[in-house]
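Data first, discussion second: the structure below is written as structure tokens.
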Amino acid sequence: MSTGFDRDPDEFSRGARAVVVFPDMGGSSRDADARLEETAGLAAAIGVEVQQRVAIKLRQPKPGTLIGSGQVEALAESVRDEDLQLAVFDAALTPVQQRNLETALGCKVIDRTGLILEIFGERARTAEGRLQVELAHLDYQAGRLVRSWTHLERQRGGFGFLGGPGETQIEADRRLIRDRMARLRRELDQVSRTRALHRDRRQRAPWPVIALVGYTNAGKSTLFNRLTGAEVMAENLLFATLDPTLRQIALPGIDKAILSDTVGFVSELPTQLVAAFKATLEEVVSADLLVHVRDIAHPDTEAQRSDVEKVLGEIGVSETTPRFEAWNKLDLLDEDERAALLEEAAKRENVMPISAMSGEGVDALVDAIAGKLTKEHRRYTIALDPADGAGAAWLHQHGEVCDHWVEDGQAVYEVRMAPRDLERFETRNA
40 MSTGFDRDPD EFSRGARAVV VFPDMGGSSR DADARLEETA GLAAAIGVEV
90 QQRVAIKLRQ PKPGTLIGSG QVEALAESVR DEDLQLAVFD AALTPVQQRN
140 LETALGCKVI DRTGLILEIF GERARTAEGR LQVELAHLDY QAGRLVRSWT
190 HLERQRGGFG FLGGPGETQI EADRRLIRDR MARLRRELDQ VSRTRALHRD
240 RRQRAPWPVI ALVGYTNAGK STLFNRLTGA EVMAENLLFA TLDPTLRQIA
290 LPGIDKAILS DTVGFVSELP TQLVAAFKAT LEEVVSADLL VHVRDIAHPD
340 TEAQRSDVEK VLGEIGVSET TPRFEAWNKL DLLDEDERAA LLEEAAKREN
390 VMPISAMSGE GVDALVDAIA GKLTKEHRRY TIALDPADGA GAAWLHQHGE
440 VCDHWVEDGQ AVYEVRMAPR DLERFETRNA
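If you want the numbering used here, it's the 1-based position in the sequence shown plus 39.
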């Protein structure tokens, strides 16, 4: 029987026949079917053909294989009978569990973290995205090198010089990984500094930044495309968008704002990815307003909301940052569900029901965003030298010019803007 160790590690990435396994240990906010559905969707995102979905009740996880020996045998029989090449475990597997399961099942085994890393690795398009994914992948693999060297002597115990002959190669490989990770971190630090410079420039301008956040496949990119006229990849696919995109938009009373489309979140997002994508997610942390796009037609929409809020907390987003919830995918609800949802949304502050696909409610969302951003705006009368074209352009760009006239040789503007913008205008040449 093949143990799976002689397979090309990328062989399963496209067209592999797989079984998805959910070890149900209780305590999850989702039911087993929902978890299996999501994990099957994640697998499909990299072209894996899911043939079976199995939920296994566990009273207590087994240190060696996570699931019980009888369950392992039943799963191995399914793998043989269905000629499956991959088993995807919707759980975090230790390196030992992963290796033992591969040996017992006779196929490649990956856990939830490995699956998400595979998706991110395939979807990264920009140089920054590839750096971030490689760093996360190396961090994940650093503790699993023992799996890559099963062709060497299996003795690994002992201290000092008593380790098996495979130890030297493993340690050398670990050093290579550590060195590569250090180089990647330096490159990403440079990316982070560059982003910080761009943010500082925008804040001095200043242009408000609106970040779209939400669970993967909630419809962020579809909404982004509708608001900006861009053509960001938007498909009914988990993690269709990975690299962040920023576009300029105009809002009522705001000549220019920056809209940011970010990577979607998912439950149990690997900590390696949260750390690696910190530079990208800083756009969310520094945003003036968040729009949390929710797939309101999804049966687990509340659990998804909790997962997103958890990740926002992990990356340092302040609870005081203004935000809206865009209850998306109204078009997928039946009449009764839709009526109940609209009634509930009307009772809540900062909730806007929309369909990014059809455009329903999007104009109202835009007005609400503009209203939130201009909430503290006041009217000011500002006199400029008629030759100060740059000053006049600044007022038009960053405030709402309600009126203007010439008086005593001065160009006078009646402008509605935030007090902080007035302060920046007055000190713009300081």
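Where a beta carbon is used, it is the ideal one built from N, C-alpha and C, also for glycine.
If you're wondering where the values come from, they're calculated on a predicted model, not measured in any experiment.
If the criterion is Cβ atoms closer than 8 Å, does the pair R224 and L177 meet it? Result no, Cβ atoms of R224 and L177 do not sit closer than 8 Å.
What does M391 pair with, by DSSP beta-bridge criteria? A365
E161 by DSSP, collapsed to three states: which one? Of the three classes helix, strand and coil, the one that applies to E161 here is helix, per DSSP.
From which residue to which residue does the alpha helix (DSSP H) around A429 run? 428-437
Which whole-angstrom value is the C-beta distance of V248 and H331, which I expect to be below 8 Å? So it is not a contact: roughly 15 Å between Cβ atoms.
What first and last residue would you give for the alpha helix (DSSP H) that runs through V87? No alpha helix (DSSP H) contains V87, which DSSP labels as neither H nor E.
Under 7 Å Cβ to Cβ from M166, same chain only, skipping five residues before and after it: list those, please. Note on residue identity: the sequence assigns Ala, not Met, to residue 166. Excluding positions up to five away in sequence, the list is empty.
By DSSP, does G253 sit in helix, in strand, or in coil? strand
The stretch 103-119 / the stretch 67-79 touching (three or more Cβ pairs under 8 Å): no
Residue from V401, A143, A384, E462 with nearest C-alpha to T267: V401
Residue burial classification, M456 (beta-carbon count within 10 angstroms, cutoff 16): Using a 10 angstroms sphere on the CB of M456, the tally of other CB atoms reaches 16 or more, which defines it as buried.
Given 8 Å, three or more beta-carbon pairs between the stretch 410-422 and the stretch 434-450: yes
Any heavy atom of the ligand ZN inside 7 Å of the beta-carbon of S231? This structure does not include the ligand ZN; it has no bound ligands of any sort.
Below 8 Å on the Cβ atoms is my guess for K259 versus G303; work out the distance and round it to an integer in Å. 7 Å
Between the stretch 136-148 and the stretch 80-93, are three or more C-beta pairs nearer than 8 Å? no
Does the structure place the stretch 402-413 close enough to the stretch 372-386 that three or more beta carbon pairs sit under 8 Å? Between the stretch 372-386 and the stretch 402-413, the count of Cβ pairs shorter than 8 Å is below three; the stretches do not touch.
Please report the distance separating the alpha-carbon of L371 from that of A94. 28 Å
Going by C-alpha distance, which of E388, A432, N256, E453 is nearest I335? N256
One or two residues paired with K414 in a DSSP bridge: In DSSP, K414 forms no bridge with anything.
Exposure of D129, with buried meaning 16 or more beta-carbon neighbours within 10 Å: buried
I believe R362 touches N389 by the beta-carbon criterion, under 8 Å. Please report the beta-carbon distance rounded to the nearest angstrom. 7 Å
Starting from L372, trace the alpha helix (DSSP H) in both directions and tell me its first and last residue. First-last for L372: undefined, no H or E at that position.
Cα-Cα separation, S397 to R98: 46 Å
According to DSSP, which residues form a beta bridge with R286? L298
Are the beta-carbon atoms belonging to Q91 and E121 less than 8 Å from one another? yes
For T340, which of D300, R69, V323 has the nearest alpha-carbon? R69
Leaving out five residues before and five after Q110 in sequence, what residues of the same chain have Cβ atoms less than 8 Å from its Cβ? I95
Under a Cβ-count criterion, where at least 16 other Cβ atoms within 10 Å of its own Cβ denotes burial, should V172 be classed as buried or exposed? buried
With the cut-off set at 8 Å, would you say L262 and A409 are in Cβ contact? No, Cβ-Cβ distance for L262 and A409 is not below 8 Å.
Who does V93 pair with in a DSSP beta bridge? In the DSSP assignment, V93 is bridged to V60.
Among A296, G65, D346, R333, whose alpha-carbon lies nearest the alpha-carbon of D327? A296
Quick one, are the C-beta atoms of V356 and V305 less than 8 Å apart? no
Once the 5 residues before and after R119 are set aside, which same chain residues still bring their CB inside 8 Å of it? Take R119, set aside five residues on each side of it, and the residues of its chain with a beta-carbon closer than 8 Å to its own are G145, in chain order.
N- and C-terminal bounds of the alpha helix (DSSP H) containing D140: Before going on, a small fix: residue 140 reads as Leu here, not Asp. Note, L140: alpha helix (DSSP H), 134-144.
Contact check, E14 vs A250, beta carbons under 8 Å: Outside the modelled stretch of the chain, which goes from 40 to 469, sits residue 14, for which no answer is possible.
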